[in-house]
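Residue numbers (the numbering used here): 4 to 140.
Cβ atoms here follow ideal geometry from the backbone N, Cα and C, with glycine treated the same way.
All values reported here derive from a predicted model rather than from experimental measurement.
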Amino acid sequence: MVEQLRTLKLGSDNLFKNVDKWKHQIAANDGGAESFDKFAPFAFVSYLPPAGSTREGDGDLNQQLRFAISLGFKSKAAGDARQAISKARELVIDFFDDWHPGDDFECDPFYFDGDEANVDSETRSGMMIFFKANLID
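Below, the structure is given as structure tokens:
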């Protein structure tokens with residue numbers, strides 16, 4: 004997912020300045036808003052266990068993988084960061100909904116599983132976008 008996010012563009016420009024696995028880059032003990040500004044525009048990917056499981060009709064276990072993509076934008080003008088994250092949200096969902104990571108991964112295609120805003124100020128906007136996939140055993 005990280006490599007794919009690096010390829011996303013808005014016009015001829017890369018959509019994100021920083022793309023990586025989530026390593027707690029944005030932290031309150033590292034200035035909070037200042038660390039947000041240091042990385043924005045960013046996309047950080049994390050695996051979120053436990054994702055859940057169900058039983059299929061024959062009793063087989065159906066495990067689900069769940070991932071989050073944390074997005075963050077900053078702006079000088081009030082409201083511009085919110086507009087940027089709205090566009091980025093659309094692009095990320097369009098790209099990863101029904102996406103498969105490749106033959107090395109034994110799972111069904113990913114599907115959009117909701118989102119939540121976690122930063123909403125005049126000049127900063129952040130959200131998490133969730134995707135799930137069923138693990139194939």
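Query	Result
Own chain, CB closer than 8 Å to Asp-100, minus 5 neighbours either side, in chain order	Phe-113, Tyr-114, Phe-115, Phe-134
Inter-stretch contact at 8 Å, needing at least 3 Cβ pairs: the stretch 47-64 / the stretch 77-90	no
Lys-26 (DSSP reduced to helix, strand or coil)	coil
Residue burial classification, Ala-120 (beta-carbon count within 10 angstroms, cutoff 16)	exposed
Beta-carbon spacing of Phe-47, Ser-73 below 8 Å	yes
Leu-68 versus Trp-102: straight-line alpha-carbon distance, rounded	13 Å
Where the beta strand (DSSP E) containing Leu-138 begins and where it ends	Counting along the chain, Leu-138 falls outside any beta strand (DSSP E), and DSSP gives it neither H nor E.
Where Ala-80 sits in the DSSP three-state scheme	coil
Residues that Asn-65 bridges to, as DSSP identifies them	Thr-57
Closest Cα partner of Asp-118 within the set Ala-43, Lys-12, Glu-93, Ala-87	Glu-93
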